[in-house]
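Numbering (my numbering), first residue to last: 1 to 446.
All C-beta atoms in this analysis are idealised placements derived from N, C-alpha and C, irrespective of residue type, glycine included.
Single-structure report; data block below.
In structure tokens, the structure reads:
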């Protein structure tokens, strides 16, 4: 069962902080080796904050990959990992672009509405890293440093392409909405009566064709494998196709709560399920960070002391208000408040909410494993939002990516270039590394 320590549980773990410090030291050594400005070889926000949430076993392998090939590993992670967030929150907040105005402004839907959310942009197939691995290959064995070539980890929920499971008869969306109403009766957060909406835990776009090897779900699995173990991913998602399309993947929320949920403004930490499975307890937390380093870079190493270990980042665990700063000029403070309509008390971070069902067989409680996945990825989303990160704009051409990181591996060889003065640090780093490698082998770069 998940810890009840709050949003930043585990961030202060000494082993985690040491491994993250090692990654930053690898980037610093690379900058010194090639003469780049301190902090120029940065890890973007999704990668940086995922390091604080990753399984330690995965984090060890990531640190080893950075030690072996700092810039190649950085380029790969920076290009691939943001897609994890666009798959998780596809239509608002992180999934499109962070709101420029007030957060939580998604279009309201009909009472207990269960319409699927809009699909996220297709993940492009991008360039290759200096090590030759495809940046946007979503097969874990090929794309992740955690799974070296020739050693493919098996995730139980992956089905063989071309051999789809027979799909059982799925309930209609109206039937599911009616069941959510019958189980929850009111908004599980505020106890408000109708209008209510049936909110997904695992987004609807990931529930569709989850057994298909070509689905967004399979890409989602491969992205999770960068930071979390097969055992944990299997626990979260293995053999749960029936759960995805049931009330166990849904919560009754008031329209405002649903909008906040879809924007990752709060999270629910599961803490206990009753033995008879007729009730469970979750903790409510506003997810809002402040004064967080937006990226991981060598300037976070405050001095040359070899014993220095980076301090933990923090997500507050005692908030009475939620939201994000939406006006960069006036810096208006977040002011979202939720009230328990039964007690008329303000709902604060750490409050325990009890969920119940009259029939655990036909109206099961929200799935505990999916809630644990939600708790992890909502925190990642909130950390990125607090740091001001915006997802890249993907165009419709899968072979074209205009980002500097992608351009770094598509630029002509070093010896063909006349002027490096206008290049980004990423481009110059990669090209100089290629040039040095080719020179050492006494061969021409082609």
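- Task: For my contact list, residue 381 and residue 8 are in at a C-beta cut-off of 8 Å; report their separation, rounded to the angstrom.
- Result: Actually they are not in contact, since the Cβ atoms of residue 381 and residue 8 sit about 15 Å apart, beyond 8 Å.
- Query: Quick one: complete beta strand (DSSP E) runs, 3+ long, within the region 193 to 269?
  - Reply: 197 to 200, 250 to 253
- Residues bridged to residue 280 (per DSSP): Beta-bridge analysis with DSSP links residue 280 to 273, 355.
- Query: When you compare only the Cα positions, how much space is there between residue 447 and residue 200?
  - Reply: Residue numbering for the chain in the displayed model covers 1 to 446; residue 447 lies beyond these limits and cannot be assessed.
- Would you call the region 352 to 361 and the region 217 to 235 touching, i.e. three or more CB-CB distances under 8 Å? no
- Task: Please name the residue in 321, 43, 48 whose C-alpha comes closest to that of residue 345.
- Result: 321
- Message: By alpha-carbon positions, which one of 348, 317, 310 ends up nearest to residue 5?
- Response: Ranked by how close their Cα comes to the Cα of residue 5, the residues 348, 317, 310 have 317 in first place.
- Query: For residue 286, which of 269, 61, 178 has the nearest alpha-carbon?
  - Reply: 269
- Message: Is there a Cβ of chain C sitting closer than 8 Å to that of residue 248, yes or no?
- Response: Here there is only one protein chain, and chain C is not present.
- Task: Within its chain, find whatever has a CB closer than 7 Å to the CB of residue 300; leave out the 5 residues flanking it on each side and keep chain order.
- Result: Counting only residues of its own chain and dropping the five nearest sequence neighbours on each side, residue 300 has a CB closer than 7 Å to the CB of 24, 293, 310.
- Query: Is residue 295 near residue 20, with beta carbons less than 8 Å apart?
  - Reply: Result no, Cβ atoms of residue 295 and residue 20 do not sit closer than 8 Å.
- Query: alpha helix (DSSP H) containing residue 31: first to last residue?
  - Reply: First-last of the alpha helix (DSSP H) with residue 31: 14 to 34.
- Cut-off 8 Å between Cβ atoms - residues of its own chain near residue 335, not counting five sequence neighbours on either side: 321, 323
- Task: Report buried or exposed for residue 376, applying the criterion of at least 16 other Cβ atoms within 10 angstroms of its Cβ.
- Result: By the C-beta density criterion, residue 376 is buried, having at least 16 other C-beta atoms within 10 angstroms.
- Task: Identify the continuous alpha helix (DSSP H) that holds residue 380 and give its terminal residues.
- Result: 368 to 386
- Check residue 313 in the structure and name its three-state DSSP category. coil
- Item | Simplified DSSP assignment, three categories, for residue 10 | coil
- Message: Do residue 66 and residue 447 have their beta-carbon atoms positioned less than 8 Å apart in this structure?
- Response: For residue 447 there is no data in the structure shown, the boundaries of the chain being 1 and 446.
- Query: Hey, out of 218, 372, 362, whose CA is closest to residue 282's CA?
  - Reply: 372
- Query: How many angstroms separate the CA atom of residue 262 from the CA atom of residue 386?
  - Reply: Answer to the nearest angstrom: the Cα atoms are 16 Å apart.
- Would you be able to state if there are at least three C-beta pairs under 8 Å between the region 182 to 201 and the region 250 to 258? yes
- Apply the 10 Å Cβ neighbour rule to residue 144 and answer buried if 16 or more other Cβ atoms are within range, or exposed otherwise. Residue confidence is low: residue 144 scores 45 on pLDDT, short of 50, so the model does not pin down where it sits. No coordinate-derived value is stated.
- Which word fits residue 239, buried or exposed, when buried means at least 16 other C-beta atoms lie within 10 angstroms of its C-beta? exposed
- Item | residue 73 beta carbon near the ligand ZN (any heavy atom closer than 7 Å) | The ligand ZN is absent from the structure shown, which contains no ligands of any kind.
- Task: Enumerate in chain order the residues of its own chain whose CB-to-CB distance from residue 364 is below 6 Å, with the five nearest sequence positions on each side excluded.
- Result: Around residue 364: 248.
- Roughly how many whole angstroms lie between the Cα atoms of residue 361 and residue 259? 29 Å
- Query: Starting from residue 181 and walking both ways along the alpha helix (DSSP H), at which residues does that stretch end?
  - Reply: 173 to 184 is the span of the alpha helix (DSSP H), which, as asked, contains residue 181.
- How far does the alpha helix (DSSP H) with residue 62 in it reach, from first residue to last? 56 to 68
- Candidates 391, 297, 390, 192: which alpha carbon is nearest residue 257's? 192
- Item | CA-to-CA distance, residue 304 to residue 245, given in whole angstroms | 54 Å
- Residues in its own chain within less than 7 Å of residue 183 by CB, not counting five upstream and five downstream? 247, 357, 363, listed in sequence order.
- Item | Status (buried if at least 16 other CB within 10 Å, exposed otherwise) for residue 374 | buried
- Task: Measure the C-alpha to C-alpha separation of residue 161 and residue 291 and round it to an integer number of angstroms.
- Result: Legend: pLDDT at residue 161 = 39, less than 50; position of this residue unreliable, value from coordinates given subsequently. Each residue's alpha carbon lies about 45 Å from the other.
- When the distance is taken between beta carbons, is residue 391 closer than 8 Å to residue 85? yes
- With DSSP as the reference, label residue 350 as helix, strand or coil. coil
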